[in-house]
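Taking our numbering, the leading residue of the sequence shown gets 3, the next gets one more, and so forth.
To keep things clear, I will list the structure first and then write my remarks on it.
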Amino acid sequence: MLCKIKTIHLINLNQSLNITPKNRKFAIMQQNLFVYNTLSRKKEKFEPLNAPHVGMYVCGPTVYSDVHLGNCRTYISFDLIFRYLTHIGYKVRYVRNITDAGHLEGDTDQGEDKISKKAKLAQLEPMEIVQKYTVGFRDVLQIFNTLPPSIEPTATGHIIEQIELIKIMLERGFAYEVDGSVYFDVEKYNSTHDYGVLNGRNLEELLNNTRVLGGQDDKKGKLDFALWIKAKPEHLMKWPSPWSVGFPGWHLECSAMSHKYLGEQFDIHGGGIDLVPTHHTNEVAQNVACYDKNPARYWIHTNMLTVNGQKMSKSLGNSFLPHELFTGQHSILERGYSPMTVRFFILQAHYRSTLDFGNEAMEASDKGFKRLMNAVTLLDSLKTSAMSDVDIAPLQQKCYDAMNDDFNSPVLIAELFEATRIINSVHDGKLKIDAANLEILKSMIQTFVFDVLGLKNEQAANDDLPKVIDLVVNLRNEAKQNRDYATSDKIRNGLQQIGFQLKDSKEGTNWSKI
Ligand SMILES: [Zn+2]
């Protein structure tokens with residue numbers, strides 16, 4: 003069933019450029035795509051190893067808790083990249099893993115497995131935790147209208163492949179065993195390769211920046227990291243290996259799975275920018291140690307999401323979940339925002355910039371998104387003239403230019419607002435458009451608003467619904483004012499059951515779709 007949905011999507015994406023097997027190469031050649039590469043710290047022309055095929059690996063979530071908004075930003079950004087590459091004719095194999103074992107607390111080689119810890123607290127099997135949060139993760143991404151990846155492999159499904167990689171690293175002298183655990187020898191590796199190649203730091207700088215944690219005496223060097231960890235008796239998730247009954251180190255799964263599904267070298271490796279110093283640095287070292295190749299030619303990293311200028315964190319009380327953002331049920335939120343408003347807000351910033359979340363910024367995005375969607379709904383009612391005051395082709399080209407400049411979605415959105423201005427002016431009779439230009443305008447909106455930015459017109463399907471909900475909310479408030487709490491609670495709970503959340507404030511009652 004999933005495959006079927008995916009196929010339909012791809013056909014839709016390709017239709018707007020009229021891509022057929024014959025003209026696919028031509029469509030791609032027309033684009034001059036430049037991508038910022040963390041590896042070289044500059045924009046480079048995108049030239050896949052085996053066009054029209056593109057291999058893209060993105061580090062997925064560790065499924066031990068609800069996905070937070072920062073993670074959603076990363077996956078929405080890679081969804082934009084996936085959609086655009088597909089639109090311009092590439093056949094993308096997009097691999098995004100699920101980490102369901104081996105990720106320890108504090109991202110270290112010590113401490114408890116995050117999933118096992120949660121399982122013990124909830125008195126559940128670790129795989130029940132994995133299932134719950136994997137389903138939750140997929141649900142949230144679907145609400146944000148992100149396309150599913152081509153393959154979604156799990157760490158526990160690739161233990162054999164990970165053990166095979168460790169064997170190669172031991173054989174080639176880049177790893178050593180101590181008491182049933184196996185570690186990567188960073189100093190040995192760095193004597194012939196550049197360990198800090200990804201974040202542009204040399205080994206001395208990295209050593210100076212690394213704290214020595216207690217209880218890590220097994221390791222020869224303080225930058226060494228675990229490939230295999232011997233399990234303590236109480237550890238829940240463990241497997242047999244030539245060295246001990248244990249579990250793989252967190253960084254190893256991505257080397258094993260990207261190699262299995264995309265080969266020794268592929269085109270794009272992505273993830274959040276916080277993964278660069280350790281997880282991705284270690285991943286590069288593992289792949290080079292095994293196959294003498296940096297696994298990816300273009301490393302793409304998304305920046306952080308901040309809240310009112312501060313890093314989002316539970317201890318600061320400014321961390322909220324997508325669900326809380328949709329309903330407005332969090333002290334920091336003045337009201338709820340629809341999933342497409344949030345997606346639009348995220349895409350209004352370039353993926354390499356930090357994105358600061360605040361109520362004012364959300365309000366602005368909400369207005370902008372509505373303005374864009376209102377114009378889109380006017381498109382079909384526009385009347386054509388024999389003459390045209392507008393020439394749409396250059397505007398369409400500007401949209402491609404924006405995306406070809408390192409997937410610059412904020413510039414693309416600015417161009418779409420220019421299209422909005424034209425649509426409104428034609429509608430108001432201030433500008434004339436001929437049939438040919440209207441055709442290009444319609445195709446441009448379909449391509450960039452829906453296929454590439456992945457937005458949905460939330461209002462289109464239920465134009466009158468907001469009026470009906472407003473009416474019901476007013477009835478409920480009247481009941482409340484008359485101290486008829488039984489009726490007001492009945493209406494509130496009834497709305498909640500069918501997916502509408504109410505939030506009362508001094509200014510009145512806001513409602514949002516859950
Ligand atoms: Zn990874």
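All C-beta atoms in this analysis are idealised placements derived from N, C-alpha and C, irrespective of residue type, glycine included.
Everything numeric in this text was worked out from a predicted model, so none of it was measured.
Close Cβ partners of residue i (< 6 angstroms) along its chain, the five nearest in sequence each way excluded
{"i": "F322", "result": "H332"}
{"i": "I284", "result": "Here residue 284 turns out to be Asn, not Ile, going by the sequence shown. Same-chain partners within the cutoff: F227 and H253."}
{"i": "E336", "result": "N361"}
{"i": "V247", "result": "A233 and K240"}
{"i": "N14", "result": "Unreliable positioning characterises N14 in this predicted model, as indicated by a pLDDT of 41, which lies under 50. A coordinate reading is not provided."}
Chain-order list of residues whose beta-carbon lies under 8 angstroms from that of residue i (same chain, five-residue window excluded)
{"i": "E163", "result": "A258, M259, H261 and K262"}
{"i": "G202", "result": "R43"}
{"i": "T489", "result": "R478 and A481"}
{"i": "L327", "result": "L71, L335, G338, Y339 and V344"}
{"i": "A437", "result": "T386"}
Per-residue burial, residue i [other beta carbons within 10 Å of its own, 16 or more giving buried]
{"i": "I10", "result": "Residue confidence for I10 is low, a pLDDT of 35 falling below 50, so the modelled location carries little weight; the figure read from the coordinates is stated next. With fewer than 16 other Cβ atoms within 10 Å, it is exposed."}
{"i": "Q112", "result": "exposed"}
{"i": "S243", "result": "buried"}
{"i": "A287", "result": "buried"}
{"i": "G57", "result": "buried"}
{"i": "T304", "result": "buried"}
{"i": "Y487", "result": "exposed"}
{"i": "F419", "result": "exposed"}
{"i": "A351", "result": "buried"}
{"i": "I117", "result": "buried"}
{"i": "A309", "result": "Here the sequence assigns Val to residue 309, which means Ala is not the residue at that position. Burial call: buried."}
{"i": "T76", "result": "buried"}
{"i": "Q312", "result": "exposed"}
{"i": "N73", "result": "buried"}
{"i": "T64", "result": "buried"}
{"i": "C367", "result": "The residue asked about is misnamed: residue 367 is Ser in this sequence, not Cys. That one is buried."}
{"i": "I500", "result": "exposed"}
{"i": "M342", "result": "buried"}
{"i": "P128", "result": "buried"}
{"i": "I7", "result": "At I7 the pLDDT is 33, less than 50, meaning the model places this residue with poor confidence; the figure from the coordinates comes in the next sentence. Exposed: under 16 other Cβ atoms inside 10 Å."}
{"i": "Q398", "result": "buried"}
{"i": "P412", "result": "exposed"}
{"i": "E509", "result": "exposed"}
{"i": "N183", "result": "Going by the sequence as given, residue 183 is Ser instead of Asn. Buried, since its Cβ has 16 or more Cβ neighbours within 10 Å."}
Whole-angstrom distance between residue j and residue i, CA atom to CA atom
{"i": "R423", "j": "I161", "result": "55 angstroms"}
{"i": "W324", "j": "D68", "result": "According to the sequence displayed, residue 324 carries Pro and not Trp. Roughly 9 angstroms between the two C-alpha positions."}
{"i": "Y191", "j": "N99", "result": "26 angstroms"}
{"i": "K369", "j": "E130", "result": "41 angstroms"}
{"i": "N439", "j": "K45", "result": "33 angstroms"}
{"i": "M251", "j": "G62", "result": "Position check: residue 251 holds Gly in this sequence, whereas Met was assumed. So the two alpha carbons sit approximately 16 angstroms from each other."}
{"i": "Y66", "j": "N39", "result": "31 angstroms"}
{"i": "V378", "j": "T449", "result": "12 angstroms"}
{"i": "P150", "j": "G175", "result": "39 angstroms"}
{"i": "N484", "j": "V475", "result": "14 angstroms"}
{"i": "M3", "j": "L374", "result": "Confidence is the limiting factor: at M3 the pLDDT is only 30, short of 50, which leaves the residue's position unreliable and the question unanswerable from this model."}
{"i": "L209", "j": "D187", "result": "13 angstroms"}
{"i": "D472", "j": "N512", "result": "9 angstroms"}
{"i": "L205", "j": "N211", "result": "10 angstroms"}
{"i": "V470", "j": "G265", "result": "55 angstroms"}
{"i": "A52", "j": "F36", "result": "It should be noted that the sequence gives Asn, not Ala, for residue 52. About 17 angstroms."}
{"i": "F80", "j": "I447", "result": "21 angstroms"}
{"i": "T136", "j": "S317", "result": "25 angstroms"}
{"i": "R299", "j": "Q133", "result": "33 angstroms"}
{"i": "E207", "j": "D141", "result": "42 angstroms"}
{"i": "D491", "j": "K505", "result": "13 angstroms"}
{"i": "D430", "j": "L384", "result": "9 angstroms"}
{"i": "V495", "j": "G159", "result": "With the sequence shown as reference, residue 495 is identified as Asn, and Val is not the correct amino acid for it. So the alpha carbons of these two residues sit roughly 43 angstroms apart."}
{"i": "K372", "j": "A124", "result": "42 angstroms"}
Short CB-CB distance (under 9 angstroms) between residue i and chain D
{"i": "M58", "result": "Among the chains of the structure shown, chain D does not appear; only one protein chain is present."}
Close-in-space but distant-in-sequence residues of the same chain around residue i (CB under 7 angstroms, 5 per side omitted)
{"i": "V290", "result": "H195 and N296"}
{"i": "Y86", "result": "M405, F409 and V454"}
{"i": "V278", "result": "T40, L200, N201 and H303"}
{"i": "Q392", "result": "The amino acid at residue 392 is misidentified as Gln; the sequence shows Val. Within the same chain, V392 has close Cβ partners I424, L433, I435 and N439."}
{"i": "L307", "result": "L71, G72, R75, M314, L357 and F359"}
{"i": "P400", "result": "One point to set straight first is that residue 400 is Lys, not Pro, in the sequence displayed. Hits under 7 angstroms: E417."}
Environment of ligand 1 in chain order, Cβ to heavy atom below 6 angstroms: The answer, residue by residue, is C61, C256 and H281.
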